[in-house]
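Undergrad:
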Amino acid sequence: MKPLVRVIKHNTHPGEILNDLIIEPNNLNIEEASKLLGITKATLSDIINGKGSITNIIATSISKAFGGSSAFWVRLQAVYNSRKGKETEEKESLKVLPDEEDDLFDDFENDFDKSEWTW
Numbered sequence: 033m034k035p036l037v038r039v040i041k042h043n044t045h046p047g048e049i050l051n052d053l054i055i056e057p058n059n060l061n062i063e064e065a066s067k068l069l070g071i072t073k074a075t076l077s078d079i080i081n082g083k084g085s086i087t088n089i090i091a092t093s094i095s096k097a098f099g100g101s102s103a104f105w106v107r108l109q110a111v112y113n114s115r116k117g118k119e120t121e122e123k124e125s126l127k128v129l130p131d132e133e134d135d136l137f138d139d140f141e142n143d144f145d146k147s148e149w150t151w
């Protein structure tokens with residue numbers, strides 16, 4: 033089992049944590065785990081592979097099937113989504129090159145001058 037501490041240090045998808053902490057230690061395959069959770073194999077596979085999210089309903093299913101708090105899984109997904117959003121924002125901001133920033137500001141200045149607003 034991999035340590036949960038890495039979740040804090042790295043943005044690990046909750047599906048990977050579900051697999052590492054619950055599915056693998058219980059020697060379950062996707063089909064068995066999906067039946068216990070009441071979801072399709074495809075849905076569980078997407079979650080484990082980081083392509084799907086742990087919804088409130090799935091979090092409740094995890095809690096009922098394996099114990100623990102559904103709120104834990106919901107918060108874990110929310111933190112992952114938040115961090116992922118910040119990573120995306122940072123990548124997007126890096127796409128603007130310094131000389132492009134000047135052009136963007138000039139465009140803004142020109143548009144601003146055409147408006148009724150004043151500097």
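Remember, the numbering used here sits 32 above the position in the sequence shown when you count from 1.
The beta-carbon is built from N, C-alpha and C at its ideal position, and this holds for glycine as well.
1. Decide yes or no for the touch test of the segment 106 to 116 against the segment 55 to 74: beta carbon pairs closer than 8 Å, at least 3 of them.
2. Considering only the beta carbon of each residue, do G117 and I80 sit closer than 8 Å?
3. V111 to L68, Cα distance in whole Å?
4. Note down, in chain order, each residue of its chain lying with its Cβ closer than 8 Å to the Cβ of I86, except the 5 sequence neighbours on either side.
5. Count the other C-beta atoms from every protein chain shown that fall within 10 angstroms of the C-beta of A103, then say buried if there are 16 or more, exposed otherwise.
6. What span of residues does the alpha helix (DSSP H) with E48 cover, start to end?
7. Do you know offhand how far S101's Cα is from L53's?
8. Taking 7 Å as the cut-off, is the C-beta of A110 nearer than that to any heavy atom in the ligand SAH?
TA: A quick look at the data gives this:
1. no
2. no
3. 25 Å
4. Leaving aside the five residues that flank I86 on each side, the residues in its chain whose CB is nearer than 8 Å to its CB run, in chain order, P46, G47, L50, I79, I94, W105, V106, L108, Q109.
5. With fewer than 16 Cβ atoms within 10 Å of its Cβ, A103 is classed as exposed.
6. Per DSSP, E48 belongs to the alpha helix (DSSP H) from 46 to 50.
7. 14 Å
8. With respect to the ligand SAH, the structure shown offers nothing to examine, as it has no ligands at all.
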